[in-house]
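S.K.:
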Amino acid sequence: MIIQFKKYRDKQSTLTCIRSDGTRTWDKLQMDFELHDLAHFAIETELGFTNAFYGLLAKGYNIQDFALPLEQRPQALISKNLPAESLQTEHIANLLLIDHFQKNIGSDFINQLKGMLKQNDLAFPEMLTQERLKKINDSFEELILKWYALAEEETMSLFFNLV
-18 MIIQFKKYRD KQSTLTCIRS DGTRTWDKLQ MDFELHDLAH FAIETELGFT
32 NAFYGLLAKG YNIQDFALPL EQRPQALISK NLPAESLQTE HIANLLLIDH
82 FQKNIGSDFI NQLKGMLKQN DLAFPEMLTQ ERLKKINDSF EELILKWYAL
132 AEEETMSLFF NLV
């Protein structure tokens, strides 16, 4: 799947995903939400997750489906029905963003994540080692730099080949 982030100066950026069968989904992004979606990409590709945000989009769900009120979402996208990978990724992405803005990716990240996942009755993804976390963070920071370097109306394309 091709993932395209298009940057605009005076209006919302867009996220477009072009699936391998040629179908696509796209939406305008909330202000500064690009970083959250870039975090998802770094996490999902490094951990090989195929059932989180981009994997679900590749399988045919639409970006807008995730923003619908719970009663209007496809059944598979209601929180209680989401794959564990999807929920784990959301927690990892949120912590990654906090650490990015606080300039503090550290050894406490994994312990914090374990606590958050436990509170939500989710298993810790055992493949997330300190080494892999560093790779995720490095990839995320590189994606952020590429995003900020884009000029107005330029597009950054990424490739999600796990599904």
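All residue numbers for the sequence shown refer to my numbering, where the first residue is -18 and numbers rise by one.
Here a beta-carbon is modelled for each residue, glycine too, at the ideal position from N, C-alpha and C.
This structure is a prediction, so every number in the text was calculated from the model and none was measured.
Could you spell out the range, first to last residue, of the alpha helix (DSSP H) harbouring leucine 49?
M.R.: From DSSP, leucine 49 is part of no alpha helix (DSSP H); its letter is neither H nor E.
S.K.: Determine the direct distance from the alpha carbon of isoleucine 73 to that of leucine 94, and round the result to whole angstroms.
M.R.: So the two alpha carbons sit approximately 7 Å from each other.
S.K.: Let me check one thing: in DSSP terms, what residues is glutamine 83 bridge-paired to?
M.R.: Its beta-bridge partners do not exist; DSSP assigns none.
S.K.: With distances taken from CA atoms, which of Phe90, Leu126, Trp128 and Glu122 is nearest threonine 110?
M.R.: The shortest C-alpha separation from threonine 110 is found at Phe90.
S.K.: Following the continuous alpha helix (DSSP H) through aspartate 8, name the residue where it begins and the one where it ends.
M.R.: Where aspartate 8 is concerned, there is no enclosing alpha helix (DSSP H), although the beta strand (DSSP E) it sits in stretches over 5 to 9.
S.K.: For isoleucine 125, tell me which candidate among Thr31, Leu139 and Thr4 has the shortest Cα-Cα distance.
M.R.: Per the Cα distances, Leu139.
S.K.: Using CA coordinates, which residue listed in Leu76, Cys(-2), Arg0 and Phe14 is at the minimum distance from tryptophan 128?
M.R.: Minimum Cα distance to tryptophan 128 is reached at Phe14.
S.K.: Identify whether serine 1 lies in helix, strand or coil by the three-state DSSP scheme.
M.R.: Coil.
S.K.: Please state the DSSP three-state secondary structure of leucine 100.
M.R.: Looking at the sequence itself, residue 100 is glutamine, so the reference to leucine does not match. Three-state DSSP puts glutamine 100 in a helix.
S.K.: By how many angstroms is the C-alpha of methionine 108 removed from the C-alpha of leucine 76?
M.R.: Leucine 76 and methionine 108: Cα-Cα distance of roughly 17 Å.
S.K.: On the DSSP bridge assignment, give the partners of leucine -4 in chain order.
M.R.: Leucine -4 pairs with Phe(-14) and Asp8.
S.K.: Starting from leucine 114, trace the alpha helix (DSSP H) in both directions and tell me its first and last residue.
M.R.: 111 to 130 is the extent of the alpha helix (DSSP H) around leucine 114.
S.K.: Does glutamine 100 pass the burial test, meaning 16 or more other C-beta atoms within 10 Å, or should it be called exposed?
M.R.: So glutamine 100 counts as exposed.
S.K.: Counting pairs of beta carbons, one from the stretch 43 to 54 and one from the stretch -11 to 7, are three or more of them closer than 8 Å?
M.R.: Because the criterion of three Cβ pairs below 8 Å is met, the stretch 43 to 54 and the stretch -11 to 7 touch.
S.K.: List the residues that DSSP assigns as beta-bridge partners of threonine 136.
M.R.: Its beta-bridge partners are Lys(-13).
S.K.: Hey, alanine 20 and valine 144 are a contact pair by Cβ (cut 8 Å); roughly how many whole angstroms apart?
M.R.: About 19 Å separates the two Cβ atoms, so there is no contact after all.
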